[in-house]
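Accompanying notes for the structure given below.
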Amino acid sequence: MTAPHFCYFGMNAMAAVETTDHTSCVEAADFYGPLEQLATLTHAAGRPVILYVPACYGLPLERLESEITFWLQRIADAGLLRDVAAVRPCDEPDLHGLTDSEVKARIIAVHAAMARFDATRGKPIAVFWACSSRARPGIEFVDWLGCDSYGDGCKVLEEYYPAFEQLVNREPDRRLVAIAGGASPWRQEPTCFVEKVMRDDRYIALEAFIRQTVTDRGETYMGIRENGMAPLYREAGRKVLGQ
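Here numbering that gives the first Met the number 0 is used: the sequence shown runs in plain steps of one and ends on residue 242.
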């Protein structure tokens, strides 16, 4: 997966289908259920996939490797595992109270499951944190890094990302993902994020939060599709793709 790419956070099958003209990767969410994730993978249509797996929440550590192996096998049986470019086991583990050692143990279990398949063996692990958090649990074991703070807009690129950039300078096999919050209530304009990922080869992708309206922990966020930001993000994706 060569940089830069553009995709949306937590895509479902509809998002995968309707964004084929301006995305070059698909982040296949797990939180719509396994059948929807398989449908999303099916509609990736050759685009590399960042595969969300429920590794940090809801499953006890002792069952994690076997459960992830089972799911990867189902994806392999469907002929879709070859499209997986990276695996995302956690979202904002810092906000969920997970310690550094807990996240590392879970990443180790995910790596063990991935190692059972030629298509995923050695593929990157992606984890993003809250930008404002001091904690970065698991960061030593993460290949693709990023953070989000949608209310801060472009300021995150100046205040928070330089620390990640320094880490990539020291360990150039790692890559960064910038995240723009186009959903309501933030409605971030994506230009500064587009410019960043296009001029800085430390960035593997720009992700936009979130294409479809979603409810998370009791809060409903109107997605980019519905809140009037879709034309701006379509243009952003096309710019990143050089169209």
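For glycine and all other residues, C-beta sits at the position ideal for the given N, C-alpha and C.
Listed as beta-bridge partners of A125 by DSSP are W143. Annotation for P230: the continuous alpha helix (DSSP H) segment containing it runs 229-239.
Annotation: the continuous alpha helix (DSSP H) that includes P161 extends over 160-169. C-alpha of R87 to C-alpha of L37: approximately 16 Å in a straight line. When C-beta atoms of the stretch 41-48 are compared with those of the stretch 231-241, fewer than three pairs fall below 8 Å, so the two segments do not count as touching. I107 and E194 have their alpha carbons spaced roughly 35 Å apart. As summarised for the stretch 148-219, the continuous beta strand (DSSP E) elements at least 3 residues long and confined to that stretch are 174-180, 202-208, 213-215, given in chain order. The C-beta distance from A12 to V48 rounds to 12 Å, too long to fall under 8 Å, and the pair is not in contact.
Counting of Cβ neighbours within 10 angstroms places Y220 among the buried residues, the total reaching 16 or more.
By the Cβ neighbour-count rule, P3 is buried, with 16 or more other Cβ atoms within 10 Å of its own.
The alpha-carbon of R233 is positioned some 11 Å away from that of G227. For secondary structure counted as the alpha helix (DSSP H) over 4 or more consecutive residues, the stretch 37-113 holds these complete runs in sequence order: 60-76, 99-113. In the DSSP assignment, A27 falls within the beta strand (DSSP E) that extends over 25-27.
By the criterion of at least three beta-carbon pairs nearer than 8 Å, the stretch 164-175 is in contact with the stretch 192-208.
Residue range 4-7 is occupied by the beta strand (DSSP E) that includes Y7. Listed in chain order, the non-local C-beta contacts of A77 below 8 Å within the same chain comprise L37, L40, T41, local neighbours out to five positions each way being set aside. The C-alpha of L94 lies about 8 Å from the C-alpha of S132. When secondary structure is reduced to three states using DSSP, M10 falls in the strand class. With distances taken between CA atoms, E170 lies nearest to E139 out of E139, P53, Y7, P230. Note on geometry: alpha-carbon atoms of D117 and I74 lie some 13 Å from one another. Apart from sequence neighbours up to five positions away, the residues of its chain that approach R135 with a beta-carbon distance below 6 Å are W128, ordered along the chain. Between P123 and W143, the CB-CB gap stays under 8 Å. Judged by DSSP in its simplified three-state form, E35 adopts helix. Taking 8 Å as the cut-off, the Cβ atoms of C55 and E26 do not count as close.
Between G180 and D147, the gap from beta carbon to beta carbon is short of 8 Å.
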